[in-house]
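In the working numbering, the protein residues as written are 249 to 399.
Glycine is no exception: its CB is placed at the ideal position from the N, C-alpha and C atoms.
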Amino acid sequence: MFPEHPRHTPTARAVEVHYPAPMPPAPAPLATHQPGTVPTVASIVLPNGQIVTGYAIEPSKPEPVAAKPAVSRTAVNVTLGGIGFAAVCGGLLVLTTFIAAMAALIHQIIILAAVIFGGWIAAQVRGPRHGNGGTAVNIRKAVIKRNKFYG
Numbered sequence: 249m250f251p252e253h254p255r256h257t258p259t260a261r262a263v264e265v266h267y268p269a270p271m272p273p274a275p276a277p278l279a280t281h282q283p284g285t286v287p288t289v290a291s292i293v294l295p296n297g298q299i300v301t302g303y304a305i306e307p308s309k310p311e312p313v314a315a316k317p318a319v320s321r322t323a324v325n326v327t328l329g330g331i332g333f334a335a336v337c338g339g340l341l342v343l344t345t346f347i348a349a350m351a352a353l354i355h356q357i358i359i360l361a362a363v364i365f366g367g368w369i370a371a372q373v374r375g376p377r378h379g380n381g382g383t384a385v386n387i388r389k390a391v392i393k394r395n396k397f398y399g
């Protein structure tokens with residue numbers, strides 16, 4: 249296109265090359281043995297005829313296992329849970345019996361109050377009748393003078 253344009257003209261650039269640095273060798277593991285003694289060397293012949301030589305490693309000793317109790321902790325916990333559940337059920341049985349008895353008592357008191365109050369209302373309504381069954385009203389000649397009642 250336009251060779252004289254600065255974008256199209258090649259320029260020399262410095263090229264940086266990075267080489268990986270070698271890692272230092274890892275230190276050899278320290279052999280755990282008593283100072284002043286040389287560990288024993290063992291050789292093993294493999295089935296294909298190769299001989300492998302190395303230091304003998306003492307097998308690790310398993311930690312002593314604690315003696316198991318005669319009764320399992322789980323069995324003890326289940327038993328205690330059953331005893332607690334039985335105690336709670338007995339208490340709940342007594343509580344529900346008490347609540348049922350109180351509900352029956354309140355029910356009987358309400359019925360007794362309704363019978364007594366209903367009888368009292370019936371006595372008021374159907375009470376003894378005097379005269380001809382009407383209400384007697386005595387009417388007098390009343391005199392009112394200067395906002396005063398003279399009857």
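Span of the beta strand (DSSP E), counted from its first residue to its last, around Val289: That run of the beta strand (DSSP E) goes 289-293.
Nearest-angstrom Cα separation, counted from Val263 out to Tyr303: The straight-line gap from Cα to Cα measures roughly 52 Å.
Secondary structure of Val300, DSSP reduced to three states: strand
Met271 in three-state terms, based on DSSP: It is coil, neither helix nor strand.
Ala314 (DSSP reduced to helix, strand or coil): coil
Spatial distance of Arg321 from Ala351 (CA atoms): Using only the alpha carbons, I get a separation of about 45 Å.
Cut-off 7 Å between Cβ atoms - residues of its own chain near Leu328, not counting five sequence neighbours on either side: none
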